[in-house]
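Colleague: Below is a structure I'd like to ask you about.
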Amino acid sequence: MSTTVFSQLDRSLREHLATLVRLASTGDDETAVELARCELPRVVTAVKALLDEHTPDEHGRCPTCRTRRWSRRLPSPCRAYLGAQLALTAGGDEPSGNHRKHLRRVG
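Quick note: the sequence shown uses the numbering used here, first residue 5, plus one each step.
Okay, here's the thing in structure tokens:
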């Protein structure tokens, strides 16, 4: 099977994200601080760019995910927004709600 440009980009991005998670989970405090300062703004920029592509129109529909031009479906958040919201706020991988505790300390 030939490797497509997309599959190479996908693999590279997933490896980079996995490395960030691994370093954040197992690195020392200095590594965690460096990750937060250097990589976190880049990740936030990437998420914002992705969400900008999925900004709802005046009818509350995502122009990127819309499958039909004259869709009569009720407005609802697209999968990109739902996925980002769940990943950032549900804390599925966070033990005992540590995610929320850290956000409260910073804010």
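Cβ atoms here follow ideal geometry from the backbone N, Cα and C, with glycine treated the same way.
Just verifying my parser: in three-state terms, what is the DSSP assignment at residue 34?
Modeller: In the sequence shown, residue 34 corresponds to position 30, counting from 1. If DSSP states are grouped into helix, strand and coil, residue 34 belongs with the helices.
Colleague: Check residue 80 in the structure and name its three-state DSSP category.
Modeller: Mapped onto the sequence shown, residue 80 falls at position 76. DSSP places residue 80 in coil when its eight states are reduced to three.
Colleague: Assuming residue 54 and residue 84 are in contact, meaning their beta carbons sit under 8 Å apart, how far apart are those beta carbons, in whole angstroms?
Modeller: Against the sequence shown, residue 54 aligns to sequence position 50. Against the sequence shown, residue 84 aligns to sequence position 80. With 8 Å as the limit, residue 54 and residue 84 qualify as a contact, their Cβ atoms being about 6 Å apart.
Colleague: Cutting at 6 Å between CB atoms, please list the residues of its own chain near residue 61, excluding the five before and the five after it.
Modeller: Residue numbering aside, residue 61 sits at position 57 when the sequence shown is read from its first letter. Excluding sequence neighbours, residue 61 sits near 67.
Colleague: Just how far apart, CA to CA, sit residue 48 and residue 13?
Modeller: Numbered from its first residue, the sequence shown carries residue 48 at position 44. Numbered from its first residue, the sequence shown carries residue 13 at position 9. The straight-line gap from Cα to Cα measures roughly 19 Å.
Colleague: Residue 38 and residue 24 look like a contact to me (Cβ under 8 Å); what is the Cβ gap, rounded to whole Å?
Modeller: Translated into positions along the sequence shown, residue 38 becomes position 34. Translated into positions along the sequence shown, residue 24 becomes position 20. Actually they are not in contact, since the Cβ atoms of residue 38 and residue 24 sit about 11 Å apart, beyond 8 Å.
Colleague: Between the alpha carbons of residue 69 and residue 59, how many angstroms are there, rounded?
Modeller: Stepping through the sequence shown from its first residue, residue 69 is reached at position 65. Stepping through the sequence shown from its first residue, residue 59 is reached at position 55. Using only the alpha carbons, I get a separation of about 10 Å.
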